[in-house]
Each structure stands twice: as structure tokens, then as C-alpha cells.
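For reference, each letter of the sequence shown is one residue, going 1 to 185 in full-length UniProt numbering. Heads up, the beta-carbon is just placed ideally off N, CA and C, and yes, glycines get one too. Below is one structure; the comments refer to it alone.
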Amino acid sequence: MNIRKELVQLIQVCSVFSGAFMFWNLLGLVCNTPSPITVVISGSMEPAFQRGDILFLYNRMNINSKTGLEIQNVGDIVVYNLDNREVPIVHRVIHEYQVESKQRNAKKQDAPKHKQYLLTKGDNNNIHDVSLYGRGKKYLNTERDILGTVKFYIPQLGYLTIWINENPKFQKLFYVVLLLISLYE
């Protein structure tokens with residue numbers, strides 16, 4: 001057993017994992033979202049997206065010329081995260097409205113602040129998502145709840161992720177195989 005060779009392999013494995021971690025964070029920074037890639041796990045957006053499609057998100061929206069507010073448009077497909085759910089939801093914006101409130105700035109002058117709120121619905125669902133939002137919440141706040149807008153997707157490629165997450169035995173086996181492959185190199 002050559003200790004030097006073992007250390008080189010360990011450094012290579014760590015380099016691969018740290019490189020993947022840096023790539024994920026850089027992609028999140030460029031796309032302005034903590035989760036730039038997500039997998040569709042339900043059929044609520046059929047026929048637009050199928051279970052297993054990989055979605056690429058971007059959270060730098062259009063600027064409204066009147067308000068200067070970054071906005072989502074009706075018809076956009078957004079991914080949002082709620083406090084009462086651990087998995088992000090992919091649905092279409094069916095209604096949006098903006099609220100202007102007066103807030104004091106550092107110079108003690110009244111300055112209008114615009115906020116946008118969204119109502120969403122899955123294409124394959126019969127009703128809107130208000131029941132998903134939580135108690136007393138009728139709209140999503142774009143600043144707080146929206147992870148990003150879907151910009152493009154790759155069909156069916158996310159099935160491996162779904163399969164691994166739904167089968168805990170295979171999940172452990174998958175991680176062991178990955179570790180063995182990285183150590184074998």
C-alpha cells in the first residue's frame with residue numbers, strides 16, 4: 001500500500017466534489033437563484049412538462065418601464081418554494097398584481113415601493129394553488145417565494161434522480177458505487 005498514491009486519489013476525489021460544488025454555486029449566482037436546476041416530480045404541469053423533465057431556472061426577470069420593478073408575467077412558468085413544503089413546485093402564473101406602498105427612505109421622503117404578487121396553477125390541475133400556499137396566504141410574493149422562471153428544459157433526463165430518491169436502498173447503493181468508482185481511478 002503506497003500512502004502517497006492513496007493521498008493523491010483522495011485529493012482527486014475531493015477536487016471532483018469541490019469542483020461540482022463550486023459549479024453549482026456559480027450557476028446559482030449567475031442565475032440569481034439558490035436552485036438553478038430542478039426536476040419535475042409530478043404530472044401537474046402536463047402536457048408542458050412531464051415527470052422526470054429537468055428544468056433550468058433563471059431569476060433575473062423583465063423590468064417594468066413604469067415602476068422599475070422586476071416582474072413575472074402571466075403565462076410564465078415559475079418554480080416556487082413554500083415554508084410548509086420541502087419540495088419546490090412548478091406551476092404557471094395565471095394572475096399577477098402589483099402593490100405600491102409608501103415607505104420612508106433615509107432622507108425622510110416618501111418613496112413608492114412596488115411589490116408583485118402572483119397566483120399560480122398547474123396546467124393539469126382544475127383549480128389554482130391558493131390551498132397550497134398556506135393558511136391566510138392568497139398570493140405568492142415574488143421576492144420571497146419565487147426561485148426562478150423556467151427558461152429551458154431537458155425531457156426525461158431527471159428520471160434517475162426520481163428513481164434514486166424513491167428507492168432508498170438504491171440511493172445507498174448509488175452512493176457506494178460512486179465512491180468506489182472515484183476511489184478506483
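(request) Apply the 10 Å Cβ neighbour rule to I146 and answer buried if 16 or more other Cβ atoms are within range, or exposed otherwise. (result) I146 comes out buried.
(request) Using a threshold of 8 Å, state whether the C-beta atoms of T33 and G148 are closer than that. (result) yes
(message) For G122, count the other beta carbons within 10 Å of its own beta carbon; 16 or more makes it buried, fewer makes it exposed. Which is it?
(response) Counting Cβ neighbours within 10 Å, G122 comes out buried, since at least 16 surround it.
(message) Can you look up F152 in the DSSP assignment and give me helix, strand or coil?
(response) strand
(message) Cutting at 6 Å between CB atoms, please list the residues of its own chain near L140, excluding the five before and the five after it.
(response) Y80 and L118
(message) My assumption, with CB atoms under 8 Å, is that Y153 sits in contact with F56. Please give the rounded CB distance.
(response) 7 Å
(message) What does the alpha-carbon distance come out to for the pair Q156 and N2?
(response) 43 Å
(request) Write down the C-beta distance between A48 and I89 rounded to the nearest angstrom, noting that I regard them as a contact closer than 8 Å. (result) Between I89 and A48 the Cβ distance is about 14 Å, and since that is not below 8 Å, they are no contact.
(message) So within the stretch 112-180, which uninterrupted alpha helix (DSSP H) runs reach at least 4 residues, ignoring any that extend past its ends?
(response) You should have 130-133 and 159-166.
(request) Classify E6 as helix, strand or coil using the three-state DSSP reduction. (result) helix
(message) Below 8 Å on the Cβ atoms is my contact criterion, and I expect I37 with I54 to pass it. Report the Cβ-Cβ distance as a whole number of Å.
(response) 6 Å
(request) Tell me Q12's beta-bridge partners as DSSP assigns them. (result) Paired residues: none, contrary to the question.
(request) Kindly indicate which residue of N124, S15, T120 and K169 has the alpha-carbon position closest to the one of Y133. (result) T120
(request) Leaving aside the five residues before and after G28 along the sequence, list all residues of the same chain whose C-beta is less than 8 Å from its C-beta, in chain order. (result) P34, S35 and P36
(message) Among the candidates N124, R144 and R60, whose CA atom is the shortest distance from the CA of C31?
(response) R60
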